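K.L.:
Input: one structure, supplied below.
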Amino acid sequence: MVNTTMNAMVIRAPMDFAVETTPVPEPEAGGLLLKVLACGLCGSDLRTLRSGHRKVTFPWIIGHEICGDVVALGASYDGPWQMGDRLAVGPLAYCGVCDFCVEGRHELCENYREIAQAWPGGFADYIAIPEACLRLGTILRAPEGLDPAFAAISEPVSSCVHAQEKGQVGLGDTVVVIGTGPIGCTHISLARARGAQRVFVADIVDERLALAEAFAPDATINSARVDLVAEVRRLTHDKGADVIITATPAPTASVQAVEMARKGGRILIFGGLPKDNSKPGVDLNLVHYNALHIIGTTTFAPRHQRVALDLLASGRIPADKLVTHRFPLADFRAGAQLALDGQALKVVFLP
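Under our numbering, the letters of the sequence shown match residues 77 to 427, in that order.
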């Protein structure tokens with residue numbers, strides 16, 4: 077028997093949020109109700125806490141990195157999941173009818189919607205999963221024995237898998253990751269799993285670089301103290317890096333990436349830039365004469381979610397190092413503040 081009320085983290089205005097008692101949502105006729113076991117705090121969640129989100133109208137429940145158990149089925153639900161199944165929630169609902177969906181390129185869907193934006197999110201005891209999110213395969217059974225906190229973070233790992241797939245990261249590559257948040261650290265491990273020979277990481281904060289040391293990069297570079305481009309050139313005997321991943325919203329990272337890339341190199345623009353500073357002055361002559369590939373990626377497709385869960389279950393993505401802090405939902409403010417202050421990699425809440 078599911079309770080009629082639950083605890084949920086409700087945002088009422090930027091930096092005005094608290095755990096409140098709310099009604100348990102009813103699943104749609106073709107949807108599911110999950111008991112949330114774990115919900116990860118994402119960088120986009122932090123931005124929403126700080127300053128709101130163009131797709132979110134307050135008051136609202138956010139949280140889109142979710143693992144939970146099925147506790148109720150919608151009245152006409154006829155899908156594969158049954159009561160008690162443990163699911164890793166990829167939060168995207170692809171439209172299924174745009175040109176890209178018809179071509180099987182769901183990561184480029186023109187009309188996708190997302191849990192925690194179009195529907196209430198997972199920082200709650202329960203979450204209703206809409207039918208639209210169940211149609212195209214980004215909600216999957218959590219691998220047997222995988223910690224729910226680790227299954228919950230398959231969503232950001234999926235986006236990294238997509239990026240490195242597009243960038244063809246592979247055997248023998250020298251990779252530079254700019255930014256050592258949870259996304260940057262995921263990229264370190266994923267590049268290793270794909271066969272990269274050397275992985276260097278850069279950040280401007282020593283404490284963040286110290287957290288990244290757990291992922292065994294070949295070099296950590298504080299780009300506030302040294303010239304990042306010159307240091308990468310030195311480390312590569314002036315050849316440059318094969319792949320550079322900008323896992324940061326800092327506009328200068330894109331400029332540096334072009335300047336440190338080896339001829340024929342690939343630059344993955346993973347971190348979105350501020351709207352008012354998204355044209356950082358990249359030297360396109362370098363792009364032209366060095367035959368560079370600048371590749372933008374965002375979101376993921378169902379195939380990336382499956383790969384991400386396999387990587388987490390096998391330990392090739394060391395989730396135990398990514399998830400640095402766990403908090404009960406009742407302590408949401410304390411956990412969120414730790415992340416807002418940059419003192420954690422991945423914070424996961426356990427309702």
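Note that beta-carbon positions come from the ideal geometry of N, C-alpha and C, so glycine has one too. Keep in mind it's a predicted model, so treat the numbers as computed, not measured.
Hey, is the segment 154 to 168 in contact with the segment 219 to 238, meaning 3+ C-beta pairs nearer than 8 Å?
P.N.:
With a cut-off of 8 Å, the segment 219 to 238 and the segment 154 to 168 count as touching, because enough Cβ pairs lie within range.
K.L.:
Quick one: give me the first and last residue of the beta strand (DSSP E) that Asn298 is part of.
P.N.:
Here residue 298 corresponds to residue number 222 of the sequence shown, with the count starting at 1. Looking at the DSSP string, the run of the beta strand (DSSP E) that includes Asn298 is 295 to 298.
K.L.:
In this structure, how does DSSP classify Val132 when only helix, strand and coil are distinguished?
P.N.:
For the purposes of this step, residue 132 is taken as the residue at position 56 of the sequence shown. Correct three-state label for Val132: coil.
K.L.:
Could you pull the start and end residues of the alpha helix (DSSP H) that Glu307 belongs to?
P.N.:
Along the sequence shown, one-based indexing puts residue 307 at 231. 304 to 311 is the extent of the alpha helix (DSSP H) around Glu307.
K.L.:
For Lys422, report the span of its beta strand (DSSP E) as first-last.
P.N.:
Counting from 1 along the sequence shown, the entry for residue 422 is found at position 346. Its beta strand (DSSP E) spans residues 422 to 426.
K.L.:
Using the three-state DSSP reduction, which class does His380 fall into: helix, strand or coil?
P.N.:
Start at 1 with the first residue of the sequence shown, and residue 380 comes out as number 304. In this structure, His380 counts as helix in the three-state DSSP scheme.
K.L.:
Per DSSP, what kind of secondary structure is Phe38 in: helix, strand or coil?
P.N.:
Outside the displayed span of the chain (77 to 427) sits residue 38, for which this structure offers no information.
K.L.:
Determine whether the beta carbon atoms of Ile320 and His263 lie at a separation below 8 Å.
P.N.:
Against the sequence shown, residue 320 aligns to sequence position 244. Against the sequence shown, residue 263 aligns to sequence position 187. It is not a contact, given that the beta carbons lie outside the stated cut-off.
K.L.:
Is it buried or exposed, His140, if we count other Cβ atoms within 10 angstroms and call 16 or more buried?
P.N.:
Locating residue 140 in the sequence shown gives position 64, counting from the first residue. It counts as buried.
K.L.:
Given a cut-off of 8 Å on the beta-carbon distance, is the pair Pro196 and Trp136 in contact?
P.N.:
By one-based count along the sequence shown, residue 196 stands at place 120. By one-based count along the sequence shown, residue 136 stands at place 60. Taking 8 Å as the Cβ cut-off, Pro196 and Trp136 qualify as a contacting pair.
K.L.:
Return helix, strand or coil for Glu141, following the three-state DSSP convention.
P.N.:
For this step, residue 141 is matched to residue 65 along the sequence shown. Three-state DSSP puts Glu141 in a strand.
K.L.:
Would you kindly work out how many angstroms separate the C-alpha atoms of Arg338 and Asp396, rounded to a whole number?
P.N.:
Walking along the sequence shown from the start, residue 338 turns up at place 262. Walking along the sequence shown from the start, residue 396 turns up at place 320. Taking the straight line from one Cα to the other gives about 33 Å.
K.L.:
Assign Gln332 to one of two classes, buried (16 or more other C-beta atoms within 10 Å of its C-beta) or exposed (fewer than that).
P.N.:
For the purposes of this step, residue 332 is taken as residue 256 along the sequence shown, with counting starting at 1. Under this definition Gln332 is a buried residue.
K.L.:
Candidates Cys174, Gly348, Tyr202, Glu190: which alpha carbon is nearest Leu184's?
P.N.:
The residue you call residue 184 lines up with position 108 of the sequence shown. Per the Cα distances, Cys174.
K.L.:
In whole angstroms, what separates the C-alpha of Thr192 from that of Met85?
P.N.:
Position 116 of the sequence shown, counted from the start, is the residue given in the question as residue 192. Position 9 of the sequence shown, counted from the start, is the residue given in the question as residue 85. The displayed chain sequence assigns Ala, not Thr, to residue 192. Cα-Cα distance, rounded: 12 Å.
K.L.:
Between the Cα of Ala194 and those of Val358, Lys131, Ala114, spot the shortest distance and give me the residue it belongs to.
P.N.:
On the sequence shown, position 118 is the one that residue 194 refers to. When only C-alpha atoms are compared, the closest one is Lys131.
K.L.:
Quick test of the definition: if touching needs 3 or more C-beta pairs under 8 Å, does the segment 101 to 114 touch the segment 142 to 154?
P.N.:
With the cut-off at 8 Å, the segment 101 to 114 and the segment 142 to 154 touch.
K.L.:
Sorted by chain position, which residues of the same chain lie with C-beta nearer than 6 Å to Met159's C-beta, five sequence neighbours on each side aside?
P.N.:
By one-based count along the sequence shown, residue 159 stands at place 83. The residues are Val146.
K.L.:
Going along the chain, which residues of its own chain have a beta-carbon closer than 8 Å to the beta-carbon of Glu241, five neighbours each way excluded?
P.N.:
Looking up residue 241 in the sequence shown gives position 165. Contacts found: His380.
K.L.:
Any contact between the segment 213 to 221 and the segment 114 to 130? By contact I mean 3 or more CB pairs, one from each, below 8 Å.
P.N.:
They do not touch, by the three-pair rule.
K.L.:
By Cβ distance, which residues of its chain are closer than 8 Å to Asp359, with the 5 residues on each side in sequence left out?
P.N.:
Taking the sequence shown and counting its residues from 1, the one referred to as residue 359 is at position 283. Excluding positions up to five away in sequence, the list reads Val331, Val334, Glu335.
K.L.:
Give me the residue from Gly248, Val305, Asp386 with the minimum Cα distance to Val275.
P.N.:
Taking the sequence shown and counting its residues from 1, the one referred to as residue 275 is at position 199. Nearest option by C-alpha distance: Gly248.
K.L.:
What is the C-beta distance between Ile49 and Gly372, in whole angstroms, given that I count them as a contact (C-beta under 8 Å)?
P.N.:
With the chain covering only 77 through 427, there is no way to say anything about residue 49.
K.L.:
Quick check on the burial criterion: 16 or more other C-beta atoms within 10 angstroms. Buried or exposed for Pro427?
P.N.:
As a first step, residue 427 is located in the sequence shown; it is residue number 351 there, counting from the start. Buried.
K.L.:
So, at 6 Å on beta carbons, what are the nonlocal neighbours of Asn366 in its own chain, with the 5 sequence-adjacent residues on each side left out?
P.N.:
Here residue 366 refers to the residue found at position 290 when the sequence shown is read from its first residue. The answer, listed in chain order, is Lys339.
K.L.:
Suppose contacts are defined by Cβ-Cβ distances below 8 Å. Is Ser299 in contact with Asp279 by that definition?
P.N.:
Reading the sequence shown from its first residue, position 223 is the one you call residue 299. Reading the sequence shown from its first residue, position 203 is the one you call residue 279. Contact: yes.
K.L.:
By the DSSP assignment, the beta strand (DSSP E) with Asp92 in it spans what residues?
P.N.:
Taking the sequence shown and counting its residues from 1, one reaches residue 92 at position 16. Start and end: 92 to 99.
K.L.:
Which residue comes first and which comes last in the alpha helix (DSSP H) that contains Leu285?
P.N.:
Counted from its first residue, the sequence shown places residue 285 at position 209. Note, Leu285: alpha helix (DSSP H), 282 to 288.
K.L.:
How long is the line joining the alpha carbons of Ala225 and Asp92, rounded to whole angstroms?
P.N.:
Residue numbering aside, residue 225 sits at position 149 when the sequence shown is read from its first letter. Residue numbering aside, residue 92 sits at position 16 when the sequence shown is read from its first letter. Near 26 Å, if we compare the C-alpha coordinates of Asp92 and Ala225.
K.L.:
List the residues that DSSP assigns as beta-bridge partners of Trp195.
P.N.:
Mapped onto the sequence shown, residue 195 falls at position 119. Looking at the DSSP assignment, Trp195 forms a beta bridge with Ile191.
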